[in-house]
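Asker: Chain order of the listed sequences is A and B.
Quick note: the first sequence uses this note's numbering, first residue 104, plus one each step.
Quick note: the second sequence uses this note's numbering, first residue 104, plus one each step.
2 protein chains.
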Amino acid sequence: MKNIEPKLIELFKTGYCTPQIARIAKKLHEPGTTIHYNIKRLEKEGKIKAYGAVFDYKKIGYGYCVYVFANLKSDKYGDPEEMADKIAKDPNVESVDICSGDFELILKLRTRDVDEYYEWVKKSIKLYHFAKTLSQISLKQVKAEFVKL
Amino acid sequence: MKNIEPKLIELFKTGYCTPQIARIAKKLHEPGTTIHYNIKRLEKEGKIKAYGAVFDYKKIGYGYCVYVFANLKSDKYGDPEEMADKIAKDPNVESVDICSGDFELILKLRTRDVDEYYEWVKKSIKLYHFAKTLSQISLKQVKAEFVKL
DNA sequence: TAAATAATTGAATATTATACGAAAATATGA
DNA sequence: TCATATTTTCGTATAATATTCAATTATTTA
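#1: Which residues does DSSP list as the beta-bridge partners of T214 of chain B?
#2: Short of 6 angstroms in beta carbon distance, which residues of its chain neighbour V250 of chain A, apart from the five on each side in sequence? Order them along the chain.
#3: For the candidate residues A:R144, A:K150, A:C168, A:A128, whose alpha-carbon lies nearest to that of R213 of chain A?
#4: Mind checking A125 of chain B: buried by the 16 CB within 10 Å criterion, or exposed?
#5: Closest to V245 of chain B by CA distance: which of A:A191, A:G118, A:G164 is it?
#6: If you measure beta-carbon to beta-carbon, which residues of the region 201–220 of chain A are closer than 7 angstroms to chain B?
#7: Using the Cα positions of F233 of chain A and K211 of chain A, report the straight-line distance between them to the nearest angstrom.
#8: Which residues in chain B have a C-beta closer than 8 angstroms to the C-beta of S227 of chain A? List them in chain order.
#9: Could you check the C-alpha separation between I228 of chain A and G135 of chain A for me, to the nearest Å?
#10: Would you mind telling me which residues of chain A sit closer than 7 angstroms to K110 of chain B, beta carbon to beta carbon, in chain order?
#11: Enumerate, from N- to C-terminal direction, the unbroken alpha helix (DSSP H) stretches of 4 or more residues contained entirely within the region 180–246 of chain B.
#12: Note down, in chain order, all residues in the region 145–156 of chain A with a beta-carbon under 9 angstroms from any beta-carbon belonging to chain B.
#13: Tell me, please, whether the region 145–152 of chain B touches the region 197–204 of chain B by the rule of three or more beta-carbon pairs shorter than 8 angstroms.
#14: Leaving out five residues on either side along the sequence, give the residues of the same chain with a beta carbon under 6 angstroms from the beta carbon of S241 of chain A.
#15: Determine, for I127 of chain A, whether the minimum Cβ-Cβ distance to residues of chain B falls below 7 angstroms.
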């Protein structure tokens with residue numbers, strides 16, 4: 104068939120969704136126009152970055168979830184933001200945080216399985232100038248993106 | 104005024120949003136009804152758990168972000184899922200993962216500031232039977248929930 | 001290969017978001 | 001304090017959108 108599913112999943116990761124004003128209006132017992140006004144303000148102020156879907160990652164072939172703690176090589180050590188921005192573009196990376204302590208970066212990574220994870224690590228050591236990484240594999244994802252799984 | 108904003112933020116954390124079928128149809132050059140059908144199937148199969156918003160957490164008063172690694176006390180050590188489920192209900196907790204290694208649990212926590220974080224820790228040690236915790240404070244959130252911040 | 005099941009699609013309908021304007025509430029400044 | 005400006009609320013009208021339905025086509029199953 105047309106196999107629209109993967110395209111939808113890609114679009115829904117960070118967008119192509121919108122608030123249900125009518126439902127919210129009923130729920131909060133306020134006029135729809137008032138809800139509309141308040142939402143538009145939230146968006147204009149930049150408080151809302153995007154509307155998207157939360158998936159059952161196991162069911163869409165991203166069941167393998169790893170937290171990666173990374174050190175950058177000395178040439179990039181002083182400027183973790185440059186690498187962080189580059190890593191943020193990686194479609195397998197759900198989150199990127201810059202930290203103090205033993206590691207400069209904390210990543211949350213989603214892949215299909217161990218094999219894909221291994222491929223990712225090999226690629227990333229070069230690409231992102233990792234000096235050392237420590238990984239913590241999630242045995243069970245109980246909650247993600249504020250949604251109970 | 105009515106101060107609808109906090110209510111909206113609460114609703115948008117895990118729901119009250121919906122796909123934009125018309126926009127997707129245009130983007131993918133497919134009929135709206137086909138898009139509709141495929142989305143409904145994704146939902147029925149449980150591949151999509153929810154539609155919600157991603158925020159600029161700093162702007163909505165949740166700018167302090169901490170990764171918490173936790174050990175459970177011996178009485179709960181053998182059954183981390185029970186505690187994980189309880190922690191998952193915590194509105195400050197964005198994610199909960201059960202892990203192997205030095206710590207059983209990895210949490211991602213969002214609070215207004217250090218003070219609120221400290222209050223959370225004090226509460227949680229008792230409430231969630233933590234034996235030991237290690238915290239990693241995010242200095243800068245570069246990406247979260249697949250959205251570049 | 002026949003029958004059953006699943007997926008695509010257009011037309012009709014129901015629902016929903018949005019634009020607009022008026023009124024109310026709040027903030028600002030002398 | 002009062003007048004004025006700005007922000008927020010909200011009803012009505014309209015535009016846009018999702019959804020239902022039924023027919024057609026494609027795919028799977030036996």
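C-beta atoms are modelled at their ideal positions from N, C-alpha and C, and glycine is treated no differently.
Answerer: According to the structure shown:
#1: As a position in the second sequence, residue 214 of chain B is number 111, starting the count at 1. In the DSSP assignment, the residues bridged to T214 of chain B are B:Y167.
#2: Counting from 1 along the first sequence, the entry for residue 250 of chain A is found at position 147. Cβ within range, chain order: V157.
#3: As a first step, residue 213 of chain A is located in the first sequence; it is residue number 110 there, counting from the start. Looking at the Cα atoms, A:C168 is the closest of the given residues.
#4: For the purposes of this step, residue 125 of chain B is identified with residue 22 of the second sequence, where counting begins at 1. Exposed: under 16 other Cβ atoms inside 10 Å.
#5: Position 142 of the second sequence, counted from the start, is the residue given in the question as residue 245 of chain B. The shortest C-alpha separation from V245 of chain B is found at A:A191.
#6: I201, C202, S203, G204, I209
#7: Along the first sequence, one-based indexing puts residue 233 of chain A at 130. Along the first sequence, one-based indexing puts residue 211 of chain A at 108. Taking the straight line from one Cα to the other gives about 15 angstroms.
#8: One-based indexing of the first sequence puts residue 227 of chain A at position 124. Chain B residues near S227 of chain A: none, gap ~15 angstroms exceeds 8 angstroms.
#9: Here residue 228 of chain A refers to the residue found at position 125 of the first sequence. Here residue 135 of chain A refers to the residue found at position 32 of the first sequence. Spanning the two alpha carbons is a distance of roughly 51 angstroms.
#10: Translated into positions along the second sequence, residue 110 of chain B becomes position 7. Neighbours of K110 of chain B on chain A, chain order: L131.
#11: 183–191, 217–230
#12: L145, E148, G149, K150, I151, K152, A153, Y154, G155, A156
#13: no
#14: For the purposes of this step, residue 241 of chain A is taken as the residue at position 138 of the first sequence. Within the same chain, S241 of chain A has close Cβ partners C168.
#15: Stepping through the first sequence from its first residue, residue 127 of chain A is reached at position 24. Answer yes: the Cβ-Cβ gap between I127 of chain A and chain B drops below 7 angstroms somewhere.
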